[in-house]
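Q: Sequential numbering from 48 applies to the sequence shown in the numbering used here.
Note that CB positions come from ideal geometry on N, CA and C, so glycine has one too.
Got a structure for you, written out below as structure tokens; questions coming shortly.
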Amino acid sequence: DAIDFRTGSGLNFTVLPSRGLDISYAEYQGIPLCWRSSTGDVNPAYYEPEGLGWLRSFYGGLLTTCGMRQVGVPGEDDEEALGLHGRVSNIPAKNVWVDSRWEGHRYMLWAQGKVKETAALGEHLSRTRRIWTELGSHTLHIEDIVENLGYQDSPHMYLFHINIGFPILTEDSELLAPSSHVTPRDETAAADLNNYKLCEPPTVDFQEQAFYHEMEPDVDNHIRVALVNRSFNNGQGIGVSVRYHKTQFPNFVQWKMCGEGTYVMGLEPSNCGVEGRAKERERGTLQYIEPGGRRHYEVEIGVLTSNEEIDEFQEKIAKTQN
48 DAIDFRTGSG LNFTVLPSRG LDISYAEYQG IPLCWRSSTG DVNPAYYEPE
98 GLGWLRSFYG GLLTTCGMRQ VGVPGEDDEE ALGLHGRVSN IPAKNVWVDS
148 RWEGHRYMLW AQGKVKETAA LGEHLSRTRR IWTELGSHTL HIEDIVENLG
198 YQDSPHMYLF HINIGFPILT EDSELLAPSS HVTPRDETAA ADLNNYKLCE
248 PPTVDFQEQA FYHEMEPDVD NHIRVALVNR SFNNGQGIGV SVRYHKTQFP
298 NFVQWKMCGE GTYVMGLEPS NCGVEGRAKE RERGTLQYIE PGGRRHYEVE
348 IGVLTSNEEI DEFQEKIAKT QN
């Protein structure tokens, strides 16, 4: 099953209830906004939770959510085996509601539903997601509330895996971000640190890279980042922007994979790193949700439709850095 949104501006995107209400595809006036992997959309019945099995159902898309109790590399923590990036994207949503209505002069469109990551004698996390946009808009909004319905503190790791591919991503593209400090995840990324903003043409045997960014928020404590291509369509320009609240997502991970057939840059707001739960616990940065507790997350994804809009966006970033 799939929910197709068409705003009338040229922004079209597809939400998959069976995949936790993640966004499998998005385009603007026929231009793909996201990277899609070779797996295509995979039914959650085929999910392989062990080790790296998550990759067999990772379609990429505009949004794949990671969590809610594990993000990053597989491993073991607190006597629990944890696969890559957690379970949430492979849990079907319940109580799905799709609707639209006029609110004053605005025509609103939305889908919402609940996902539960729970086990008998174990954790009991519930996430309510609402994805909305409006007629004529080239922006979509994601609002999540994660609740601990259990009676014990629960580890909580959460990351939005936003995946941008060709034609927005080319050797002419650039990452715009209010980064005050950039840290490579490993030696592979460290060797290319000076080029973290850029991407090569599709490269034989390219090894994926990840960078952790410390970001400067604006006066409202929001972070703005974008991947832009000023050369697109003979200099018209295009980009995808992401806006989120720093208190909700204190971390940002950039995934850079400029390989043949896997050509993608990930823009990933998160409350954690991507080295697994045991490493997060070791560092003392592992977050928890107390019984009855809630965590709120709001992310806006938009299209920058011209170099003029890209310039305006870059000016907003420059103000935060000044």
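Within the segment 242 to 273, note down every full beta strand (DSSP E) run reaching 3 residues or more, in order along the chain.
A: DSSP runs (the beta strand (DSSP E)) wholly in the segment 242 to 273: 256 to 262.
Q: Would you mind giving the Cβ-Cβ distance between residue 273 and residue 223, rounded to the nearest angstrom? I have them listed as a contact below 8 Å.
A: Against the sequence shown, residue 273 aligns to sequence position 226. Against the sequence shown, residue 223 aligns to sequence position 176. Indeed, because the Cβ distance is near 5 Å, the residues count as touching under 8 Å.
Q: Can residue 51 and residue 64 be called in contact, C-beta distance under 7 Å?
A: Position 4 of the sequence shown, counting from 1, holds the residue named residue 51. Position 17 of the sequence shown, counting from 1, holds the residue named residue 64. Against a cut-off of 7 Å, the Cβ pair of residue 64 and residue 51 comes out as no contact.
Q: For the alpha helix (DSSP H) holding residue 361, just list the boundary residues, first then last.
A: Mapped onto the sequence shown, residue 361 falls at position 314. Per DSSP, residue 361 belongs to the alpha helix (DSSP H) from 354 to 368.
Q: Could you work out which residue in 304, 271, 286, 120 is closest to residue 80 when comparing CA atoms only?
A: To locate residue 80, count along the sequence shown from 1; it is residue 33. Selected option, being the one with the closest Cα: 286.
Q: Over the uninterrupted beta strand (DSSP E) stretch that includes residue 296, give me the two end residues.
A: One-based indexing of the sequence shown puts residue 296 at position 249. No beta strand (DSSP E) holds residue 296; DSSP gives it neither H nor E.
Q: Identify, in the order they occur along the chain, each residue of the same chain with its Cβ nearer than 8 Å to the Cβ of residue 109, setting aside the five sequence neighbours on each side.
A: Counting from 1 along the sequence shown, the entry for residue 109 is found at position 62. Here the set comprises 60, 70, 71, 72, 73, 80, 81, 209, 210, 348.
Q: According to DSSP, simplified to helix, strand and coil, what is residue 52?
A: Working through the sequence shown from its first residue, we reach residue 52 at position 5. It is a strand residue.
Q: Does the segment 164 to 175 touch the segment 89 to 97, meaning 3 or more C-beta pairs lie closer than 8 Å?
A: Cβ pair count under 8 Å is below three, so no.
Q: Below 7 Å between beta carbons: does that hold for residue 120 and residue 315?
A: For the purposes of this step, residue 120 is identified with residue 73 of the sequence shown, where counting begins at 1. For the purposes of this step, residue 315 is identified with residue 268 of the sequence shown, where counting begins at 1. Their beta carbons are not under 7 Å apart, which means residue 120 does not touch residue 315 by this criterion.
Q: Does the Cβ of residue 199 have 16 or more other Cβ atoms within 10 Å, making it buried, or fewer, making it exposed?
A: Start at 1 with the first residue of the sequence shown, and residue 199 comes out as number 152. By the neighbour-count rule (16 or more Cβ atoms within 10 Å), residue 199 is not buried but exposed.
Q: Taking just the CA atoms, how far does residue 275 sit from residue 351?
A: As a first step, residue 351 is located in the sequence shown; it is residue number 304 there, counting from the start. As a first step, residue 275 is located in the sequence shown; it is residue number 228 there, counting from the start. If you take the alpha carbons of residue 351 and residue 275, they lie about 8 Å apart.
Q: Within its chain, find whatever has a CB closer than 8 Å to the CB of residue 358; leave out the 5 residues flanking it on each side and keep chain order.
A: Your numbering for residue 358 matches position 311 in the sequence shown. Closer than 8 Å at the Cβ level, and outside the excluded window around residue 358, lies no residue.
Q: With C-beta atoms as the reference, is residue 324 less than 7 Å away from residue 117?
A: Position 277 of the sequence shown, counting from 1, holds the residue named residue 324. Position 70 of the sequence shown, counting from 1, holds the residue named residue 117. It is a contact, given that the beta carbons lie within the stated cut-off.
Q: Counting contacts by CB-CB distance shorter than 7 Å, is residue 206 in contact with chain B?
A: No chain B appears in the structure shown, which is made up of a single protein chain.
Q: To the nearest angstrom, how far is it from the Cα of residue 160 to the Cα of residue 298?
A: Here residue 160 refers to the residue found at position 113 when the sequence shown is read from its first residue. Here residue 298 refers to the residue found at position 251 when the sequence shown is read from its first residue. Rounded to whole angstroms, residue 160 to residue 298 spans 26 Å at the Cα level.
Q: Could you please give me the residues that DSSP links to residue 119 through a beta bridge?
A: Here the question's residue 119 lines up with position 72 in the sequence shown. Its beta-bridge partners are 322.
Q: Taking Cβ to Cβ, would you say residue 293 is nearer than 7 Å to residue 268?
A: Your numbering for residue 293 matches position 246 in the sequence shown. Your numbering for residue 268 matches position 221 in the sequence shown. Their beta carbons are under 7 Å apart, which means residue 293 touches residue 268 by this criterion.
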